[in-house]
Every structure is written in C-alpha cells, then in structure tokens.
Amino acid sequence: MNKEAIKDHKDLGIYKIAFEAAMKIFELSKKFPVEERYSLTDQIRRSSRSVCANFAEAWRKRRYEAAFVAKLNDCEAEAAETQTWIEFAVKCNYMNVEVGREVYANYNQVLSGLVNMINNPSPWLRNRNH
Numbered sequence: 001m002n003k004e005a006i007k008d009h010k011d012l013g014i015y016k017i018a019f020e021a022a023m024k025i026f027e028l029s030k031k032f033p034v035e036e037r038y039s040l041t042d043q044i045r046r047s048s049r050s051v052c053a054n055f056a057e058a059w060r061k062r063r064y065e066a067a068f069v070a071k072l073n074d075c076e077a078e079a080a081e082t083q084t085w086i087e088f089a090v091k092c093n094y095m096n097v098e099v100g101r102e103v104y105a106n107y108n109q110v111l112s113g114l115v116n117m118i119n120n121p122s123p124w125l126r127n128r129n130h
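Anchor point for the sequence shown: position 43 equals 43 in our numbering, and the numbering is continuous, going up by one each time.
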C-alpha cells in the first residue's frame with residue numbers, strides 16, 4: 001500500500017494484524033480458568049489491546065519524531081509482553097500449542113513492522129505545517 005492510500009493507523013497492515021491477534025486472544029482467554037481472571041486473563045488482554053492503543057497514539061504523534069518513536073517503543077514492549085503471556089498460557093495448558101504458535105507468530109510480524117518503523121521513522125512522519 002502506498003503512503004497516500006493510508007488515511008489513518010487502521011489502514012496499516014501492522015495495526016490490522018495486532019487488532020486481529022488481540023481479538024483472537026480475547027476469544028481464547030474466555031476459556032481460561034476462572035482463578036486466572038484477575039491475573040493471566042487480564043494481563044494478556046490488557047497487553048494485547050495496549051499494542052493497538054499505543055499504535056493509535058503513535059500515529060497521532062507523527063509530527064514529532066521523538067514522540068512517535070517513543071510510542072512505537074511502547075507498542076514494541078507491549079507486543080513482547082503479550083508473547084510472554086502467550087507462553088504462560090500454553091505452558092499452563094490454557095491455550096493449544098499450535099494456536100499459541102500462530103498467535104505468537106502474529107506478534108513476531110507486529111514486532112518486525114514496529115522495529116522497521118522505529119529504525120526508519122522518516123517516511124511515516126507528518127509535516128508539522130499540515
């Protein structure tokens with residue numbers, strides 16, 4: 001997709017992957033044991049949703065490279081945290097191994113995109129005059 005076709009953060013593949021992965025985690029986590037409600041269930045839902053929320057914030061901060069990159073770093077941290085919770089869910093037998101691998105791989109795609117944006121933010125920055 002060329003830059004002109006991107007109207008907002010929701011048009012980016014990286015956001016779409018993160019959003020779909022967060023929704024998949026939400027559905028999967030409905031089956032976690034009730035005793036995990038205030039720990040693993042809340043944590044994995046929070047971090048997966050936070051990737052999307054921080055990305056939306058980063059997108060609105062594109063006038064300022066440092067602010068944009070800082071928010072993308074927050075996204076990266078939340079994506080990595082989500083991967084850790086996925087590992088716990090699999091090890092605790094709350095999530096099927098294959099499903100866990102698939103969702104984990106989605107976050108590898110998200111992380112790859114984020115790292116590329118962090119390392120080369122210029123194409124994504126907005127002109128301060130617009």
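By construction, the Cβ of each residue, glycine as well, lies at the ideal position given by its N, Cα and C atoms. Since this is a predicted model, take the numbers as computed values, not measurements.
First and last residue of the uninterrupted alpha helix (DSSP H) at residue i
{"i": "W59", "result": "42–60"}
{"i": "W85", "result": "65–91"}
{"i": "L114", "result": "97–119"}
{"i": "I17", "result": "13–29"}
Check whether residue i and residue j have beta carbons under 7 angstroms apart
{"i": "A21", "j": "N106", "result": "yes"}
{"i": "W59", "j": "H9", "result": "yes"}
{"i": "E78", "j": "S29", "result": "no"}
{"i": "V103", "j": "K24", "result": "yes"}
For residue j and residue i, believed in contact at Cβ under 8 angstroms, the rounded distance
{"i": "L125", "j": "E76", "result": "Going by Cβ atoms, the distance from L125 to E76 rounds to 18 angstroms, so no, they are not a contact pair."}
{"i": "V99", "j": "V51", "result": "Actually they are not in contact, since the Cβ atoms of V99 and V51 sit about 18 angstroms apart, beyond 8 angstroms."}
Validate contact between the region 31–43 and the region 15–23 using beta carbons, cut 8 angstroms, 3 pairs:
no
Flag this pair as touching only if the region 55–67 and the region 88–95 have three or more C-beta atom pairs under 8 angstroms; answer yes or no.
no
Is the number of C-beta pairs between the region 107–126 and the region 63–78 that are closer than 8 angstroms three or more?
yes
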